[in-house]
Amino acid sequence: MPIIQDKEFGKVTIRRSQMATQVKIRVAPDGTLHASLPMYAPTFLVKGLLNSSRDKIRNMLSQAKPEYNYENGMQIGKSHTLIIHTSDNNNCTVTKHGQQIIVKLPAGISPNNPIIARKIRDTTISALKLEAKSHLPRRLDFLASKYGFNYNNVKFSHASSRWGSCSSKGTISLNIALMKLPFELIDYIIIHELSHTKQMNHSPEFWKLVELTDPNYKIHRKKLKLLTPSI
5 MPIIQDKEFG KVTIRRSQMA TQVKIRVAPD GTLHASLPMY APTFLVKGLL NSSRDKIRNM
65 LSQAKPEYNY ENGMQIGKSH TLIIHTSDNN NCTVTKHGQQ IIVKLPAGIS PNNPIIARKI
125 RDTTISALKL EAKSHLPRRL DFLASKYGFN YNNVKFSHAS SRWGSCSSKG TISLNIALMK
185 LPFELIDYII IHELSHTKQM NHSPEFWKLV ELTDPNYKIH RKKLKLLTPS I
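Residue numbers for the sequence shown, in our numbering: 5 to 235.
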(Lines of atoms letter the chains of each structure in order from A and count residues from 1; the text may use other names and numbers.)
(Lines give C-alpha, C1' and ligand atoms only; values in the text may rest on other atoms or scores of the structure.)
Protein backbone atom coordinates (compact mmCIF):
# COMPACT_ATOMS: atom_id res chain seq x y z
CA MET A 1 0.00 0.00 0.00
CA PRO A 2 1.32 3.48 -0.84
CA ILE A 3 2.41 5.77 1.96
CA ILE A 4 2.62 9.55 2.07
CA GLN A 5 4.33 11.69 4.71
CA ASP A 6 2.52 14.60 6.29
CA LYS A 7 4.54 17.36 7.98
CA GLU A 8 2.38 17.20 11.12
CA PHE A 9 0.87 13.71 11.27
CA GLY A 10 3.73 11.68 9.83
CA LYS A 11 3.05 8.46 7.94
CA VAL A 12 -0.34 8.10 6.24
CA THR A 13 -1.07 4.73 4.65
CA ILE A 14 -3.35 4.81 1.60
CA ARG A 15 -5.65 1.96 0.65
CA ARG A 16 -7.79 1.92 -2.47
CA SER A 17 -11.09 0.09 -2.32
CA GLN A 18 -13.78 -0.73 -4.84
CA MET A 19 -16.30 -0.17 -2.05
CA ALA A 20 -15.09 3.35 -1.25
CA THR A 21 -17.16 6.24 -2.60
CA GLN A 22 -15.19 9.07 -0.97
CA VAL A 23 -11.92 9.75 0.80
CA LYS A 24 -11.93 8.83 4.50
CA ILE A 25 -9.24 9.01 7.15
CA ARG A 26 -9.15 6.92 10.32
CA VAL A 27 -6.71 6.16 13.13
CA ALA A 28 -5.34 2.61 12.89
CA PRO A 29 -4.68 0.43 15.99
CA ASP A 30 -0.98 1.33 15.84
CA GLY A 31 -1.83 5.04 16.08
CA THR A 32 -0.98 5.93 12.49
CA LEU A 33 -3.42 7.40 9.98
CA HIS A 34 -4.97 5.25 7.27
CA ALA A 35 -6.79 6.75 4.30
CA SER A 36 -9.23 4.91 2.05
CA LEU A 37 -10.30 6.21 -1.34
CA PRO A 38 -11.97 4.98 -4.53
CA MET A 39 -9.86 2.85 -6.90
CA TYR A 40 -9.01 5.56 -9.44
CA ALA A 41 -9.12 8.65 -7.24
CA PRO A 42 -5.88 10.69 -7.27
CA THR A 43 -3.66 10.67 -4.19
CA PHE A 44 -3.72 14.46 -3.89
CA LEU A 45 -7.30 14.15 -2.59
CA VAL A 46 -5.88 12.60 0.59
CA LYS A 47 -3.47 15.50 1.00
CA GLY A 48 -6.33 17.92 0.49
CA LEU A 49 -8.44 16.22 3.16
CA LEU A 50 -5.49 16.26 5.57
CA ASN A 51 -5.04 20.00 5.10
CA SER A 52 -8.73 20.84 5.39
CA SER A 53 -9.43 18.62 8.40
CA ARG A 54 -6.44 19.14 10.69
CA ASP A 55 -8.47 20.13 13.74
CA LYS A 56 -10.76 17.10 13.31
CA ILE A 57 -7.79 14.77 12.84
CA ARG A 58 -6.04 16.19 15.91
CA ASN A 59 -9.19 15.42 17.87
CA MET A 60 -9.28 11.87 16.48
CA LEU A 61 -5.67 11.34 17.49
CA SER A 62 -6.25 12.74 20.98
CA GLN A 63 -9.03 10.20 21.51
CA ALA A 64 -6.93 7.33 20.17
CA LYS A 65 -4.57 7.38 23.12
CA PRO A 66 -2.29 4.49 24.02
CA GLU A 67 -3.30 2.37 27.01
CA TYR A 68 -0.68 4.10 29.16
CA ASN A 69 0.78 7.56 29.64
CA TYR A 70 4.39 8.18 28.69
CA GLU A 71 6.52 8.90 31.73
CA ASN A 72 10.20 9.51 32.28
CA GLY A 73 12.01 6.27 33.11
CA MET A 74 9.23 3.95 31.96
CA GLN A 75 10.19 0.63 30.43
CA ILE A 76 9.50 0.08 26.75
CA GLY A 77 9.38 -3.59 25.86
CA LYS A 78 12.00 -5.77 27.46
CA SER A 79 15.16 -3.71 27.09
CA HIS A 80 14.38 -0.09 26.24
CA THR A 81 13.83 2.87 28.59
CA LEU A 82 12.07 6.16 27.90
CA ILE A 83 14.15 9.18 28.95
CA ILE A 84 12.48 12.61 28.89
CA HIS A 85 14.54 15.83 29.03
CA THR A 86 13.64 19.51 28.86
CA SER A 87 15.12 21.05 25.72
CA ASP A 88 16.86 24.42 25.53
CA ASN A 89 14.69 25.57 22.63
CA ASN A 90 11.16 25.16 21.27
CA ASN A 91 11.94 22.02 19.27
CA CYS A 92 10.73 18.53 20.14
CA THR A 93 12.89 15.57 19.21
CA VAL A 94 12.48 11.84 19.75
CA THR A 95 15.50 9.64 19.03
CA LYS A 96 16.71 6.15 19.89
CA HIS A 97 20.23 5.71 21.21
CA GLY A 98 21.13 2.15 22.07
CA GLN A 99 18.46 0.96 24.48
CA GLN A 100 17.18 4.43 25.32
CA ILE A 101 14.36 6.35 23.66
CA ILE A 102 15.28 9.98 24.34
CA VAL A 103 12.61 12.68 24.21
CA LYS A 104 13.53 16.37 24.39
CA LEU A 105 10.58 18.67 25.03
CA PRO A 106 10.16 22.42 25.58
CA ALA A 107 9.25 23.34 29.15
CA GLY A 108 5.55 22.91 29.87
CA ILE A 109 4.90 20.46 27.02
CA SER A 110 3.61 17.02 28.01
CA PRO A 111 4.91 13.86 26.31
CA ASN A 112 1.24 12.83 26.11
CA ASN A 113 0.36 15.71 23.84
CA PRO A 114 -1.24 13.83 20.90
CA ILE A 115 1.33 14.98 18.36
CA ILE A 116 4.29 14.30 20.68
CA ALA A 117 2.83 10.93 21.68
CA ARG A 118 2.68 9.95 18.01
CA LYS A 119 6.39 10.68 17.59
CA ILE A 120 7.20 8.65 20.69
CA ARG A 121 4.98 5.85 19.47
CA ASP A 122 6.76 5.75 16.08
CA THR A 123 10.11 5.34 17.81
CA THR A 124 8.62 2.82 20.24
CA ILE A 125 7.46 0.73 17.29
CA SER A 126 11.01 0.73 15.91
CA ALA A 127 12.39 -0.39 19.29
CA LEU A 128 9.81 -3.14 19.72
CA LYS A 129 10.51 -4.42 16.21
CA LEU A 130 14.17 -4.89 17.11
CA GLU A 131 13.27 -6.73 20.29
CA ALA A 132 10.65 -8.88 18.58
CA LYS A 133 12.97 -9.94 15.77
CA SER A 134 15.64 -10.85 18.30
CA HIS A 135 13.51 -12.81 20.78
CA LEU A 136 10.37 -14.19 19.11
CA PRO A 137 11.88 -16.37 16.32
CA ARG A 138 14.26 -18.04 18.77
CA ARG A 139 11.46 -18.68 21.25
CA LEU A 140 9.18 -19.94 18.49
CA ASP A 141 11.83 -22.39 17.29
CA PHE A 142 12.50 -23.59 20.84
CA LEU A 143 8.84 -24.25 21.70
CA ALA A 144 8.10 -25.82 18.31
CA SER A 145 11.04 -28.20 18.70
CA LYS A 146 10.27 -29.00 22.34
CA TYR A 147 6.62 -29.89 21.74
CA GLY A 148 6.78 -31.34 18.23
CA PHE A 149 5.16 -28.58 16.16
CA ASN A 150 6.07 -27.61 12.61
CA TYR A 151 5.54 -24.24 10.95
CA ASN A 152 6.69 -22.81 7.64
CA ASN A 153 7.40 -19.16 8.28
CA VAL A 154 7.14 -16.35 10.82
CA LYS A 155 6.06 -12.78 10.16
CA PHE A 156 5.75 -9.70 12.35
CA SER A 157 2.93 -7.18 12.56
CA HIS A 158 1.89 -4.24 14.69
CA ALA A 159 -1.19 -2.78 12.99
CA SER A 160 -3.52 -5.56 14.10
CA SER A 161 -5.81 -5.92 17.08
CA ARG A 162 -4.60 -9.53 17.38
CA TRP A 163 -1.59 -10.79 19.31
CA GLY A 164 -0.91 -13.46 16.73
CA SER A 165 -2.35 -15.64 13.99
CA CYS A 166 -1.58 -18.80 12.02
CA SER A 167 -2.44 -19.34 8.36
CA SER A 168 -3.52 -22.61 6.79
CA LYS A 169 -0.08 -22.77 5.15
CA GLY A 170 1.70 -22.72 8.49
CA THR A 171 2.78 -19.07 8.52
CA ILE A 172 2.70 -17.67 12.04
CA SER A 173 2.29 -13.92 12.48
CA LEU A 174 3.29 -12.37 15.79
CA ASN A 175 2.51 -8.84 16.93
CA ILE A 176 5.58 -6.89 18.03
CA ALA A 177 3.45 -5.64 20.96
CA LEU A 178 4.09 -9.07 22.48
CA MET A 179 7.32 -7.58 23.81
CA LYS A 180 5.20 -5.58 26.28
CA LEU A 181 3.93 -8.77 27.89
CA PRO A 182 5.43 -10.95 30.64
CA PHE A 183 7.42 -13.84 29.19
CA GLU A 184 4.84 -16.45 30.27
CA LEU A 185 2.14 -14.68 28.25
CA ILE A 186 4.45 -14.44 25.23
CA ASP A 187 4.93 -18.20 25.46
CA TYR A 188 1.17 -18.72 25.73
CA ILE A 189 0.55 -16.78 22.51
CA ILE A 190 3.28 -18.70 20.69
CA ILE A 191 1.92 -22.04 21.93
CA HIS A 192 -1.59 -20.95 20.95
CA GLU A 193 -0.50 -20.22 17.38
CA LEU A 194 1.64 -23.36 17.13
CA SER A 195 -1.38 -25.39 18.19
CA HIS A 196 -3.24 -23.95 15.21
CA THR A 197 -0.75 -25.73 12.93
CA LYS A 198 -2.52 -28.93 14.00
CA GLN A 199 -6.01 -27.61 14.75
CA MET A 200 -7.19 -24.64 12.65
CA ASN A 201 -10.09 -23.90 14.99
CA HIS A 202 -10.93 -23.36 18.64
CA SER A 203 -12.56 -26.73 19.17
CA PRO A 204 -12.24 -28.76 22.40
CA GLU A 205 -9.46 -30.70 20.67
CA PHE A 206 -7.57 -27.47 20.08
CA TRP A 207 -7.74 -26.43 23.73
CA LYS A 208 -6.65 -29.91 24.82
CA LEU A 209 -3.61 -29.47 22.59
CA VAL A 210 -2.86 -26.10 24.16
CA GLU A 211 -3.23 -27.55 27.65
CA LEU A 212 -0.70 -30.28 26.93
CA THR A 213 1.98 -27.66 26.42
CA ASP A 214 0.64 -24.95 28.76
CA PRO A 215 -1.23 -26.42 31.76
CA ASN A 216 -1.89 -22.88 33.04
CA TYR A 217 -3.35 -21.65 29.76
CA LYS A 218 -6.70 -20.71 31.36
CA ILE A 219 -4.93 -18.33 33.74
CA HIS A 220 -2.82 -16.90 30.92
CA ARG A 221 -5.86 -16.51 28.68
CA LYS A 222 -7.75 -14.67 31.42
CA LYS A 223 -4.85 -12.26 32.01
CA LEU A 224 -4.52 -11.61 28.29
CA LYS A 225 -8.16 -10.56 28.00
CA LEU A 226 -7.35 -7.57 30.22
CA LEU A 227 -4.65 -6.36 27.80
CA THR A 228 -4.61 -5.03 24.25
CA PRO A 229 -1.90 -5.19 21.57
CA SER A 230 -2.04 -1.46 20.91
CA ILE A 231 1.27 0.42 20.95
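All C-beta atoms, glycine included, are put in the ideal place defined by N, C-alpha and C.
All values derive from a computational prediction rather than experimental measurement.
Supposed contact pair residue j and residue i - C-beta distance, whole angstroms, cut 8 Å
i: V98; j: I105; result: 7 Å
i: R125; j: I235; result: 6 Å
i: K133; j: I180; result: 5 Å
i: L228; j: L189; result: 6 Å
i: T90; j: A111; result: 5 Å
i: P46; j: T25; result: P46 to T25, Cβ: 15 Å. No contact.
i: K108; j: T127; result: Actually they do not touch by this definition, with Cβ atoms about 12 Å apart.
i: N73; j: N117; result: Not quite, the Cβ-Cβ distance comes to about 11 Å (not below 8 Å), so this is no contact.
Bounding residues of the beta strand (DSSP E) (the contiguous stretch that carries residue i)
i: G52; result: No beta strand (DSSP E) contains G52, which is instead part of the alpha helix (DSSP H) from 48 to 56.
i: H200; result: Counting along the chain, H200 falls outside any beta strand (DSSP E), and DSSP gives it neither H nor E.
i: K159; result: 157 to 161
Own chain, CB closer than 6 Å to residue i, minus 5 neighbours either side, in chain order
i: K123; result: V98
i: Q103; result: S83, H84
i: L54; result: D10
i: I176; result: Y155, V158, C170, E197
i: H38; result: T17, R30, A32
i: G4; result: Residue 4 cannot be examined here, being either before or after the span of the chain that is shown, 5 to 235.
i: M183; result: G81, K82, L132, E135, A136
i: T36; result: K15
Start-to-end residues for the alpha helix (DSSP H) that takes in residue i
i: K82; result: From DSSP, K82 is part of no alpha helix (DSSP H); its letter is neither H nor E.
i: P110; result: Unbroken run through P110: none, as it is neither H nor E.
i: P208; result: 208 to 217
i: S165; result: Premise fails: S165 is in no alpha helix (DSSP H) and is neither H nor E.
i: K227; result: 221 to 228
Identified DSSP bridge partners for residue i
i: A39; result: I18, I29
i: S138; result: In the DSSP output, where bridge partners are listed per residue, S138 has none listed.
i: H89; result: K108
i: T2; result: Beyond the ends of the chain as shown, which are 5 and 235, falls residue 2; an answer cannot be given.
i: H101; result: Q104
i: D10; result: G14
i: S149; result: Answer by DSSP bridge pairing: none, since S149 is not bridged.
i: S234; result: DSSP, once it has assigned bridges, lists no residue as partnering S234.
i: C96; result: Its beta-bridge partners do not exist; DSSP assigns none.
i: S169; result: S177
Beta-carbon contacts of residue i that lie in its chain and below 7 Å, excluding the five residues immediately before and after
i: T217; result: Y151, I195
i: V214; result: I195, H196, S199, Y221
i: M5; result: T17, I18, R19
i: S172; result: M204
8 Å Cβ shell around residue i - same chain, five flanking residues per side excluded
i: L178; result: A136, L140, L144, V158, K159, F160, S161, W167, G168, I193, I194, E197
i: L49; result: V27, L41
| Any contact of the segment 185 to 200 with the segment 151 to 167, i.e. 3+ C-beta pairs under 8 Å? | yes
| task | Would you check if there are 3 or more beta carbon pairs closer than 8 Å linking the segment 136 to 152 to the segment 185 to 194? | result | yes
| said: Any contact between the segment 6 to 19 and the segment 51 to 67? By contact I mean 3 or more CB pairs, one from each, below 8 Å. | reply: yes
| task | Please determine if the segment 74 to 84 and the segment 14 to 31 are in contact, where contact requires at least 3 C-beta pairs separated by less than 8 Å. | result | By the Cβ rule, the segment 74 to 84 does not count as touching the segment 14 to 31, because fewer than three pairs are nearer than 8 Å.
| Between the segment 88 to 96 and the segment 200 to 212, are three or more C-beta pairs nearer than 8 Å? | no
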